[in-house]
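Below: one structure, written as structure tokens.
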DNA sequence: CTGAAAGCGCTAACAA
DNA sequence: TTGTTAGCGCTTTCAG
């Protein structure tokens, strides 16, 4: 079963040459119907499977794609990876997953490692620390297929798949405003990330639309994207300690949202009584929280799928791909009680 | 960068033969110090990386391992996969992940697919539907490396890595008993799973130790392991509808625990006032639940690591491995308010 | 219509 | 100490 037949075994068994077997197997028109039938039946019988490694060596494609994400054990990314796997599996590709743990150095090493593994393309979501995207730029200019998703490189013209972060943030902020809040803070991830900018813009646009002033002191960045608990705690405490402290917080990142709830509870701050919350997260259990969380949910699975489709299409393209698109998928605002105004 | 140098390129550039390069690169003693230095320096300079595909074809090892789990987007398994990746990455192995979605047919197809990909070994956690383990038995008898983790095949003598499910269940049950509950139900996954048995045994042992009768009507199996919400709802409702309905439930599976909370809340049943809960889960956010959940947490990351270590050791063993061990890792009981007795 | 042979990158037995 | 060569499994010219 695992010591599989090779084309040579079949050739020997049938008394033909390996090239005949090879051709017969792919139904080449230049093979006699009888020979073809014989070969195909035999191959079927012994459950012949071509050795993918030999194929890879031959045509210089590894049929594997490299994935660079910050963390696997994370709701958003595990869902995205689920989508990636589902497409890759069906199209006959391996998926090699690497984690940056939000470190640029680790990210660089991972990319090198993936290249040394001869992956046919890369699916990348940048780390919070990444400001230098030159390694990707270099590869991309050489024609190497790269699709960014979620945290994209804005200075490289490649395929990109992202959620509609602007609208997601806009909707959540507007919900808070419509609930009756005016003093709304914004807790977000590293300023390096594309998603931070887009979500901030959405937040700001909603504030502007409703004629609300944006207090710069209400903007808190967590440069490590939530990897460091103290950093988040520091930011949250700073918001609470302000003279004119906010009534609500719109949080722009998965881990930050969860941690923020945890910190506020630890501090004995009532949600939403003392401070209301709405935030991005892909956790499916936040409806069971105390209080149930109002969240912006991204179609992570679909984003993973789409990115993989685009990548494999690029890899398999007969011609160098010159046209690049940015796919934007809609988020979902799920309203629960953490964003309510209590009287 | 991605069009890498081959040994041939180096040989040509240096005017030596490919075998010299090959040998020099691995520091063979039969190569002149000077030549060796030359080759190594040049290789270093051009950032030479051996083509793993060629190596694989040569020594008939793909340097990849196949993983079979029910679901990736699941706290326990994403943590376990994290552990698997961390070890595999360091030891130079690819990880190919497949999901069964708790279907036996899908599991069979996945194993076949992984074998056709020529994986060097398998890391398996069985689906809830799996009762026939003959495909694994066959492979194992042929000497193919397989390590089971979590949901193991008890009828095959292979390496296994599991949590101490008995003790985890025992501790959680005893906690409920010590909290003052006597009528304790047990909600669990498919009876096919090894973990269901072990956890039931732990539950039963705690009941016995404290002289509590076990009411067979209090035992509810969810044959689909939580994939089907209705099935869980049915079980929970049945427990609630009993004449002598339980005061507490000990839940033996990750997804079941979360769903059970969700169902009880939907039904307006107070936790822990109307019914107390303790359950297995690896979600890290259950402390934010209403109420915070008392849980048994498994060292999923370490289980993944250990299983991978054992698998790769088996793969790389010079001699056929005949001795198989079962590693058992301790669980952690985290006490929160869902298991409290309210007066 | 079918076979022989080269070649993908690398290693290792065998020669020199 | 170094080079030549065969071979891992497969495809694909090139011959026949």
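Residue numbers (the working numbering), protein chains in the order written: chain Y, 1 to 343; chain U, 1001 to 1343.
We put the beta carbon where it would ideally sit given N, CA and C, even for glycine.
Residue range of the unbroken alpha helix (DSSP H) whose run includes residue 64 of chain Y: First-last for residue 64 of chain Y: 64-69, but that is the beta strand (DSSP E), not the alpha helix (DSSP H).
Minimum C-alpha distance to residue 1166 of chain U - residue among U:1198, U:1140, U:1129: U:1198
Member of Y:46, Y:241, Y:113 whose CA lies at the smallest distance from the CA of residue 185 of chain Y: Y:241
Near-chain Y residues of the stretch 1283-1303 of chain U - C-beta to any C-beta below 7 angstroms: 1283, 1285, 1288, 1289, 1290
Residue ranges of each beta strand (DSSP E) within the stretch 1203-1284 of chain U, 3 or longer: 1219-1221, 1248-1251, 1276-1280
Opening and closing residue of the alpha helix (DSSP H) in which residue 1007 of chain U lies: 1007-1014
Member of Y:96, Y:68, Y:70, Y:62 whose CA lies at the smallest distance from the CA of residue 1067 of chain U: Y:96
C-beta neighbour in chain Y for residue 1197 of chain U, strict 8 angstroms: no
Residues of the stretch 239-273 of chain Y whose Cβ lies closer than 8 angstroms to any Cβ of chain U, in chain order: 258, 261, 262, 265
Whether residue 35 of chain Y touches residue 20 of chain Y by CB criterion (8 angstroms): yes
Pairwise C-alpha distance: residue 230 of chain Y and residue 262 of chain Y: 12 angstroms
Beta carbon of residue 1135 of chain U nearer than 8 angstroms to that of residue 1108 of chain U: yes
DSSP bridge partner residues for residue 124 of chain Y (one or two, in chain order): Y:68, Y:148
Amino acids of chain Y, ordered along the chain, whose beta-carbon sits closer than 7 angstroms to that of residue 1052 of chain U: 117, 118
Whole-number beta carbon distance between residue 1168 of chain U and residue 1296 of chain U, since they are thought to touch under 8 angstroms: 4 angstroms
Test: residue 1123 of chain U CB closer than 8 angstroms to a CB of chain Y: no
Length of the line joining the Cα atoms of residue 1180 of chain U and residue 188 of chain Y: 45 angstroms
Contact belief for residue 1133 of chain U with residue 1155 of chain U at Cβ below 8 angstroms, rounded distance in angstroms: 6 angstroms
Test: residue 90 of chain Y CB closer than 8 angstroms to a CB of chain U: no
Cβ distance (whole Å) where residue 304 of chain Y is taken to contact residue 80 of chain Y below 8 angstroms: 4 angstroms
Inter-stretch contact (C-beta, 8 angstroms, three-pair minimum) for the stretch 1034-1051 of chain U and the stretch 1269-1289 of chain U: no
Rounded C-alpha distance that separates residue 252 of chain Y from residue 219 of chain Y: 11 angstroms
Neighbour list for residue 73 of chain Y in chain U, Cβ cutoff strictly below 7 angstroms: 1078, 1079, 1082
DSSP bridge partner residues for residue 1188 of chain U (one or two, in chain order): U:1221
Alpha-carbon spacing of residue 93 of chain Y relative to residue 1124 of chain U, whole angstroms: 20 angstroms
Residue 233 of chain Y versus residue 1288 of chain U: straight-line alpha-carbon distance, rounded: 16 angstroms
Residue 259 of chain Y versus Y:212, Y:227, Y:195, residue with shortest Cα-Cα distance: Y:227
Member of U:1254, U:1171, U:1217 whose CA lies at the smallest distance from the CA of residue 1239 of chain U: U:1217
Contact with chain U by residue 97 of chain Y, beta-carbon distance below 8 angstroms: yes
Distance CB(residue 1283 of chain U)-CB(residue 285 of chain Y) smaller than 8 angstroms: yes
Beta-carbon neighbours of residue 94 of chain Y, restricted to chain U and to distances below 8 angstroms: 1064, 1094, 1096, 1117
Closer than 7 angstroms at the beta carbon, the chain U residues around residue 414 of chain Y: Coverage of chain Y is limited to positions 1 through 343, which leaves residue 414 of chain Y absent and any answer about it impossible.
Buried or exposed by the 16-neighbour rule on C-beta atoms within 10 Å, applied to residue 1 of chain Y: Residue placement at residue 1 of chain Y is poorly supported in this model, since its pLDDT is 48, which falls under 50; the coordinates still yield a value, given next. It is exposed - the Cβ of residue 1 of chain Y has fewer than 16 other Cβ atoms within 10 Å.
8 angstroms CB neighbourhood of residue 222 of chain Y in its chain, flanking five on each side removed: 187, 188, 189, 190, 228, 231, 232, 235, 253, 256
Residue interval of the alpha helix (DSSP H) (run including residue 39 of chain Y): 33-45
Within-8 angstroms CB hit, residue 49 of chain Y to chain U: yes
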